[in-house]
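Student:
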Amino acid sequence: MYKKIIAILLMAMVFVACSSELKTDELAANTARAYYDYLLQGQYDDFVAGMDGYDDMPESYRQQLADNARMYVAQTKKEHGGIERLRVMKSEVDNDTQTAQVYLVITFHDNLNEQVLVPMVRRNGIWMMR
Numbered sequence: 109m110y111k112k113i114i115a116i117l118l119m120a121m122v123f124v125a126c127s128s129e130l131k132t133d134e135l136a137a138n139t140a141r142a143y144y145d146y147l148l149q150g151q152y153d154d155f156v157a158g159m160d161g162y163d164d165m166p167e168s169y170r171q172q173l174a175d176n177a178r179m180y181v182a183q184t185k186k187e188h189g190g191i192e193r194l195r196v197m198k199s200e201v202d203n204d205t206q207t208a209q210v211y212l213v214i215t216f217h218d219n220l221n222e223q224v225l226v227p228m229v230r231r232n233g234i235w236m237m238r
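So, in structure tokens, the structure goes:
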């Protein structure tokens, strides 16, 4: 789990190094996007590892969440030909509560678009999905 978080942090640092200063809302949005990229790539355990409280979850619950993610992707393939791409629509951060609302747009192969709200919380400097 920590290897995945470190990888995400390294990606975030690369973004910061490549741009002058990455805003908090952009960092939250890029992190949410990275978690959903795991979903698109079939890395369901990594997707689940991006959830707040992951370390405290029983293994059986982690597996259920990964299975649900797997079923979601299989269902989108059956109904819409799968997911073609996703993009960040917007991100809103509340620095007082260390939370963010990231809006992603999922585009399926049949050109259907679906907007997904990804609530995020910052724990020890790391954005996690709530």
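The numbering used here applies: residue 109 is where the sequence shown begins, and numbers increase by one.
A virtual CB, placed ideally from N, CA and C, is assigned to each residue, including glycine.
Being a predicted model, the structure only gives us computed values, none of them experimental.
(1) Exposed or buried, what is Y169 when buried is set at 16 or more other beta-carbons lying within 10 Å of its beta-carbon?
(2) With DSSP as the reference, please indicate the residues paired to V210 in a beta bridge.
(3) Rounded to whole angstroms, how far is the Cβ of T132 from the Cβ of V201, which I believe are closer than 8 Å?
(4) For M236, report the span of its beta strand (DSSP E) as first-last.
(5) Hey, is the stretch 180-199 in contact with the stretch 157-172, meaning 3+ C-beta pairs nearer than 8 Å?
(6) Identify the continuous alpha helix (DSSP H) that holds Y143 and give its terminal residues.
(7) Helix or strand or just coil, what does DSSP make of M159?
(8) So R231 and D160 are in contact, right, with Cβ under 8 Å, and what is the actual spacing, rounded?
(9) How would you call M290, buried or exposed, if buried means at least 16 neighbouring beta carbons within 10 angstroms?
(10) Return helix, strand or coil for L220, following the three-state DSSP convention.
(11) DSSP state of T184, grouped into three classes?
Tutor: Result, derived from the coordinates:
(1) exposed
(2) S199, V226
(3) About 5 Å; that satisfies the 8 Å criterion.
(4) 234-237
(5) no
(6) 132-148
(7) strand
(8) About 6 Å separates the two Cβ atoms, so the contact holds.
(9) No statement about residue 290 is possible, as the shown extent of the chain runs from 109 to 238 and does not include it.
(10) coil
(11) helix
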